[in-house]
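Residue numbers (the UniProt record's numbering): 1 to 187. Since the structure comes first, as structure tokens, the remarks are kept for the end.
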Amino acid sequence: MREDLRETILASSAELFLSQGFKATSTRQIAQKVGITQPNLYYHFPNKEELYVAVVEHISQQLATELNLLAAKDLPLKEKLVEMASFLQKEYHFDFAQMLKDIHNELPRESMVRLLMVWQESYQAPFIKVLTSRKEPLRQGLNEEVLVTQLFTLLASYTMVRPTGHAKKQVPLEQVIDLFLYGAIKR
């Protein structure tokens, strides 16, 4: 029973944190959404920061599981990256930039470092694994983390939600991945 309540708290908190951001979400809102009292919420999570960290870790674990399954598929590099990016776009409708801003600006340093490690393991590692698989070798001397950061930046610039809540005009992911892999110069 207690584990079910914890899962409900995490799911409800995720909805609020990811739609409103850390600062705009109160523990009172979370407790009301779950249907419990604030003291009951604090029994499970000592403060809002710990709850936020738990939410990001929980989401990241789920995301990593799926990304690793997609990364293990026997597909050409471009198709695999399109599937992984498509999964992120369809399943995780939140503003990555806002989440990273919250992590950097609203959390204590220890929590920030912890979540950045989670980010690397959950989000970056599956993409690094795909890019360094050697099935389709990349140019020599490229840093994998820089590559993945560039890929995420490129994807985010086409898939992020605007502050008004209206999505930007969608560009086909195939085109974004193609630009990432092959650039703009005709060969």
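Each residue gets a CB set at the ideal place from its N, CA and C atoms; glycine is no exception. Remember, predicted model here, so these are calculated numbers, not experimental data.
- Shown here, P76 sits in coil according to DSSP, grouped into three states, outside any helix or strand.
- Per DSSP, I36 lies in no alpha helix (DSSP H) and is assigned neither H nor E.
- A direct Cα-Cα distance of roughly 24 Å separates E144 from Q98.
- The beta carbon of K73 lies closer than 8 Å to those of K80, E83 in the same chain, with the five residues before and after it left out.
- Counted as a single uninterrupted DSSP element, the alpha helix (DSSP H) harbouring A14 occupies residues 2-20.
- In the DSSP annotation of this structure, the continuous segment of the alpha helix (DSSP H) that includes R114 starts and ends at 109-119.
- With fewer than three CB-CB distances shorter than 8 Å, the segment 63-72 does not count as touching the segment 101-116.
- Out of I9, L179, Q124, the CA that lies nearest to the CA of L51 is found in I9.
- One thing to note: K33 has its Cβ within 7 Å of the Cβ of S12.
- The C-beta of I177 has 16 or more other C-beta atoms within 10 Å across all chains shown, which makes the residue buried.
- Its Cα nearest to that of L70, the residue P126 stands out among L147, P126, T149.
- For E3, the closest of L41, E15, T25 by C-alpha to C-alpha distance is L41.
- If you draw a straight line from the Cα of H104 to the Cα of F22, it comes to about 11 Å.
- For A14, the number of other beta carbons within 10 angstroms of its own is at least 16, and it is reported as buried.
- Here the alpha carbon of A156 sits roughly 11 Å from the alpha carbon of L173.
- Around the beta carbon of K90, fewer than 16 other beta carbons lie within 10 angstroms, which makes this residue exposed.
- For S133, the number of other beta carbons within 10 angstroms of its own is below 16, and it is reported as exposed.
- In the DSSP assignment, Q175 falls within the unbroken alpha helix (DSSP H) covering 173-182.
- Apart from the 5 residues on each side of it in sequence, P76 has no Cβ closer than 6 Å to any other Cβ in its chain.
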